[in-house]
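Undergrad:
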């Protein structure tokens, strides 16, 4: 092995080294990895790191550090080198975790049951009843098979002598297992051969075991509920994953696990309590929920009995759990076990409850609520770290050795004033593990690490995941590892000596009665998100194409050479708020446009404005959040579409270019970047329904603009900012070629995402709502474009219309001539083989609405059908010409009808009132 590899590796000072022994030689289980690294070219590890980072970005793996400016888009930090543990060492860890999980489950059952531990003095009553996490409404709650702790995580660290110690227990809603699974998926692409050569145990069996165990108890729950329809022999219970929502720090993990386990990801508003049971509100009616795998904190789960200001929970959930009609994993009230104050009592409790000593002890811990422990903690303050006794206190650990002078005196006084609020824990120097440090040259370095291990309950006892989430501190001397403080992570490789047991518990046989060919668990919220995902995806394409057409005029055509089409394009940019308008001189009607056309279009646009203003007052939350720049249009913008005398725009080319370039790369301006961000936000709420490839395409599109923008962004922008101010905010270092490349990529990605929808999604209920949203958006865009085109000069160039409609190739293949009004309008209005035509959108919308109507009743098709008949009645020879007032009016009415359908669909499907009678899955 090359000595150069270890040349800069730091010697562990007073701590354990995971890779090297006391003679500074590699431990046996690390040699294969080190030998492999030594034999590789110098730049191979750098390539691996880049691969890891790219995979994390493209997969959209995020962790929301609340203090980080990136917020929900902060990438997950994964180190390219794993933590390797041999099988014999892991066997000891596994046995200790199983015993500890069993012990904590017994304590939880007793505290919320007979409370014998309190009566016998083994636990101080003040510690339990004074704990904010002790939920009195949960006392006496029943637990199937005597299991209240279904999923358990424990943070362990290795002391300088090499022994593993428990630092803390995670029992409420343990997080990180999904990140461990994602870490393995990424690392499997980086070190595929080493995973095989080192016989690293896989993680999939653990998650199968967890799902099968929950299904086992869910079936018991269904069978023992009075007055409820039982499940068929092979029918699975309904298990849902309850999330606090997309702003939670581990939301990515929750969506990943929901997709991996095949569980509906639900929010509190998706569930309701009726007749002593929990129901999922779906478009097919309410379906009974048997198991809730929760990520919502205890007291937020029920605003009726626990925390009245919670908007995350389900009113009445506690009562349903008390009746035993739903299994909640973990049980309500399990937050109690996360108190560090319990650690000092566990050794005696283990002897009493399990009749054996604690196999993996906790770091020495004293609860300051006991007078003797308080004095001991104050005496040894320099060697201790002081932590809050209860998680609800929201205080950071305080290291006694950091306290000096008045600060030390003040803190001791604080401890004496409320001793029950503090625990003192022995300060243990964490072990160090190798990390790869990029530099000149690249080399191995080291950082402090801790390990989070996971266990799940089964009917036969607890099973431990053969791996875990290794957390990495920011430096080798870090004393606290916390992901919220910017820590990193490692994949954890546990070696196997023999065949790997995947721990599958249940073998379910699916019969023909259980076959599913539709999305039976689609909630109203999810349907709304899919609908607006379709609309926002189409808007991104529309904005990209309109911006590209406009910039092509600015970059390639001199002002004096632009014909009647340029005012039309500018008017569309103003309509969609890609540029701002300024009042100017009144301009006369363009030649060639009759007064009839002027009056017709002016009237429809005036009606359109009134309709938009009325619509804005009645928009639902989902629509108002997604409309973006397609919000109410101003009077000035409406007028710019009409050829009547009006206030026209007087922006110079430089001003228009500055605004549009800024919109391409900055989400602070109206344009492509903001629309892509809105698409990303709505897609984030659909992560469990998007394939990895689909998400990668979306991620690349958003990241391309933000990466290449190199723009000096400012927060907000006034509508009538000066040219100088706009120029200062613009992407001055962005070349024309780079801008056009971003726009080309955005249009190409939009086509890719359409391909995913067409070929990668089942034609189920969710797809249908997404398709309706996409077609409605395209229909409205096409009607506006054609209305604008029909009132320009009859001799105007039509190439821009074909480009906006992505129909240039189709036109050229058919006619091989300059665009003319009749064939262009036929292609874009009446050609039912053109996926961009008006009639194609109308037919697609009607087809989807009629499909929905079979199950859910009329959805607006009956109102749209007459307009379709009027559309196909158009005669090309007499109706398809520039300036046709009847055609302009028909396009306007089609747009208004599409808006009415959007409102009806929203009111009918996305505003769930719960008037339907509950129905079970077998109904």
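In this note's numbering, the protein residues as written are 1280 to 2202.
For each residue, glycine too, the CB sits at the ideal point set by N, CA and C.
1) Between the C-alpha atoms of residue 1316 and residue 2033, what's the straight-line distance to the nearest angstrom?
2) In the DSSP output, what is residue 1767 paired with across the bridge?
3) What beta strand (DSSP E) runs, 3 residues minimum, are completely inside the segment 1605 to 1637?
4) Quick one: grab the DSSP three-state call for residue 1430.
5) Who are the Cβ neighbours of residue 2040 in its own chain at under 7 Å, not counting the five residues just before and after it?
6) Scan the segment 1927 to 1957 and note each continuous alpha helix (DSSP H) run of 4 residues or more that stays entirely inside, going in chain order.
7) Looking at residue 1420: is its Cβ nearer than 8 Å to the Cβ of residue 1600?
8) Closest by CA to residue 1583, which one among 1513, 1574 and 1596?
9) Tell me which same chain residues have a C-beta within less than 8 Å of the C-beta of residue 1324, skipping the five on either side of it?
10) Report the rounded CA-to-CA distance for residue 2122 versus residue 2147, giving the unit in angstroms.
11) Does DSSP classify residue 1285 as helix, strand or coil?
12) When you compare the CB positions of residue 1627 and residue 1387, do they come within less than 8 Å of one another, or not?
13) If we call anything under 8 Å between Cβ atoms a contact, is residue 1485 one with residue 1539?
14) Hey, how far is the Cα of residue 1665 from the Cα of residue 1659?
15) Run the CB neighbour count on residue 1591, radius 10 Å, all protein chains shown included, and call it buried at 16 or more, exposed below.
16) Compute the Euclidean distance between the alpha carbons of residue 1416 and residue 1585, then round it to the nearest angstrom.
17) Among 1528, 1616 and 1442, which one has its Cα closest to the Cα of residue 1451?
18) Nearest to residue 1310 by alpha carbon, out of 1299, 1319 and 1698?
19) Hey, how far is the Cα of residue 2098 from the Cα of residue 2120?
20) Specify, as a first and last residue, the run of the beta strand (DSSP E) that residue 1478 falls within.
21) Label residue 1587 either buried or exposed according to how many other C-beta atoms from any shown protein chain fall within 10 Å of its C-beta, with 16 as the threshold for buried.
22) Assess contact between the segment 2049 to 2061 and the segment 1817 to 1833, defined as three or more Cβ pairs (one per stretch) separated by less than 8 Å. Is contact present?
23) Over the uninterrupted alpha helix (DSSP H) stretch that includes residue 1309, give me the two end residues.
24) Can the beta-carbon of residue 1971 be found closer than 8 Å to that of residue 1338?
25) Would you call residue 2092 buried or exposed, if buried means 16 or more other Cβ atoms sit within 10 Å of its Cβ?
26) Between residue 2132 and the rest of its own chain, which residues show a CB-CB distance below 8 Å, the 5 nearest in sequence each way excluded?
27) Return yes when the Cβ of residue 1520 is within less than 8 Å of the Cβ of residue 1544, no when it is not.
28) If you follow the alpha helix (DSSP H) that residue 1556 is part of, which residue opens it and which one closes it?
29) Give me whichever residues DSSP pairs with residue 1705 in a beta bridge.
30) Use the C-beta contact count for residue 1931: other C-beta atoms within 10 angstroms, 16 or more gives buried, fewer gives exposed.
31) What is the DSSP secondary structure of residue 1877, reduced to helix, strand or coil?
32) Reducing DSSP to helix, strand and coil, say where residue 1871 ends up.
33) My output table needs one value for residue 1970: the three-state DSSP class, helix, strand or coil.
34) Should residue 1547 be labelled buried (16 or more other beta-carbon atoms within 10 Å of its own) or exposed?
35) Enumerate, from N- to C-terminal direction, the unbroken alpha helix (DSSP H) stretches of 4 or more residues contained entirely within the segment 1343 to 1431.
36) Sorted by chain position, which residues of the same chain lie with C-beta nearer than 7 Å to residue 1509's C-beta, five sequence neighbours on each side aside?
TA: Let me lay it out:
1) For the purposes of this step, residue 1316 is taken as the residue at position 37 of the chain shown. For the purposes of this step, residue 2033 is taken as the residue at position 754 of the chain shown. Computed Cα separation, rounded: 42 Å.
2) The residue labelled residue 1767 in the question sits at position 488 within the chain shown. Beta-bridge pairing links residue 1767 to 1751.
3) Within the segment 1605 to 1637, the runs of beta strand (DSSP E) that reach at least 3 residues and sit entirely inside it are, in chain order, 1606 to 1608.
4) Taking the first residue of the chain shown as 1, we reach residue 1430 at position 151. Look at residue 1430 here: in three-state DSSP terms it is strand.
5) The residue labelled residue 2040 in the question sits at position 761 within the chain shown. 2046, listed in sequence order.
6) DSSP runs (the alpha helix (DSSP H)) wholly in the segment 1927 to 1957: 1932 to 1944.
7) Mapped onto the chain shown, residue 1420 falls at position 141. Mapped onto the chain shown, residue 1600 falls at position 321. Yes, they are a contact pair.
8) For this step, residue 1583 is matched to residue 304 along the chain shown. By alpha-carbon distance to residue 1583, the top candidate from 1513, 1574 and 1596 is 1596.
9) As a first step, residue 1324 must be located in the chain shown, where it is residue number 45. Excluding residues within five positions, the ones whose Cβ falls inside 8 Å are 1316, 1359, 1715 and 1721.
10) Taking the first residue of the chain shown as 1, we reach residue 2122 at position 843. Taking the first residue of the chain shown as 1, we reach residue 2147 at position 868. Using only the alpha carbons, I get a separation of about 8 Å.
11) Sequence index remark: in the chain shown, residue 1285 carries index 6 (1-based). The answer is helix: DSSP assigns residue 1285 an H, G or I state.
12) Along the chain shown, one-based indexing puts residue 1627 at 348. Along the chain shown, one-based indexing puts residue 1387 at 108. No, the pair does not count as a contact, with Cβ atoms beyond the cut-off.
13) If you number the chain shown from 1, residue 1485 lands on position 206. If you number the chain shown from 1, residue 1539 lands on position 260. For residue 1485 and residue 1539, no; Cβs fall outside 8 Å.
14) As a working note, residue 1665 is residue 386 in the chain shown. As a working note, residue 1659 is residue 380 in the chain shown. One C-alpha to the other measures close to 11 Å.
15) Within the chain shown, residue 1591 is the residue found at index 312, counting from 1. Burial call: buried.
16) Reading the chain shown from its first residue, position 137 is the one you call residue 1416. Reading the chain shown from its first residue, position 306 is the one you call residue 1585. Straight through space, the alpha carbons of residue 1585 and residue 1416 are spaced by roughly 8 Å.
17) Against the chain shown, residue 1451 aligns to sequence position 172. Checked all of 1528, 1616 and 1442; the closest Cα to residue 1451 is 1616.
18) For the purposes of this step, residue 1310 is taken as the residue at position 31 of the chain shown. Here the closest residue by C-alpha is 1299.
19) Stepping through the chain shown from its first residue, residue 2098 is reached at position 819. Stepping through the chain shown from its first residue, residue 2120 is reached at position 841. Each residue's alpha carbon lies about 23 Å from the other.
20) Mapped onto the chain shown, residue 1478 falls at position 199. In the DSSP annotation of this structure, residue 1478 is not part of any beta strand (DSSP E), being labelled neither H nor E.
21) Position 308 of the chain shown, counted from the first residue, corresponds to residue 1587. That one is exposed.
22) The way I'd put it, the segment 2049 to 2061 does touch the segment 1817 to 1833; three or more beta-carbon pairs between them come closer than 8 Å.
23) Here residue 1309 refers to the residue found at position 30 of the chain shown. Run containing residue 1309: none; DSSP gives neither H nor E here.
24) The residue given as residue 1971 occupies position 692 in the chain shown. The residue given as residue 1338 occupies position 59 in the chain shown. Less than 8 Å divides the Cβ of residue 1971 from the Cβ of residue 1338.
25) For this step, residue 2092 is matched to residue 813 along the chain shown. Under this definition residue 2092 is an exposed residue.
26) To locate residue 2132, count along the chain shown from 1; it is residue 853. 2138 and 2140, listed in sequence order.
27) For the purposes of this step, residue 1544 is taken as the residue at position 265 of the chain shown. For the purposes of this step, residue 1520 is taken as the residue at position 241 of the chain shown. Yes, these two residues count as a Cβ contact at 8 Å.
28) For the purposes of this step, residue 1556 is taken as the residue at position 277 of the chain shown. Careful: residue 1556 lies outside any alpha helix (DSSP H), inside the beta strand (DSSP E) at 1556 to 1561.
29) Along the chain shown, one-based indexing puts residue 1705 at 426. Assignment of beta-bridge partners to residue 1705 by DSSP yields 1663.
30) In the chain shown, counting from the first residue as 1, residue 1931 sits at position 652. A residue is called buried once 16 or more other Cβ atoms fall within 10 Å of its Cβ, and residue 1931, having fewer, is exposed.
31) By 1-based counting over the chain shown, the position of residue 1877 is 598. Below a pLDDT of 50, predicted positions are generally treated as unreliable, and residue 1877, at 38, falls in that range; the measurement from the model is reported next regardless. The answer is helix: DSSP assigns residue 1877 an H, G or I state.
32) For this step, residue 1871 is matched to residue 592 along the chain shown. Per-residue confidence for residue 1871 stands at a pLDDT of 38, beneath the threshold of 50, marking its modelled position as unreliable; the derived number appears in the next sentence. Here residue 1871 carries a coil assignment [DSSP, helix/strand/coil].
33) Counting from 1 along the chain shown, the entry for residue 1970 is found at position 691. In the structure shown, residue 1970 sits in coil (DSSP, three-state: anything other than H, G, I, E or B).
34) Position 268 of the chain shown, counted from the first residue, corresponds to residue 1547. Taking every protein chain shown into account, the CB of residue 1547 has 16 or more other CB atoms within 10 angstroms, so this residue is buried.
35) Taking only runs of at least 4 residues, the alpha helix (DSSP H) segments lying wholly in the segment 1343 to 1431 are 1366 to 1390, 1395 to 1398 and 1404 to 1408.
36) By 1-based counting over the chain shown, the position of residue 1509 is 230. Answer for residue 1509: 1501 and 1502, listed in chain order.
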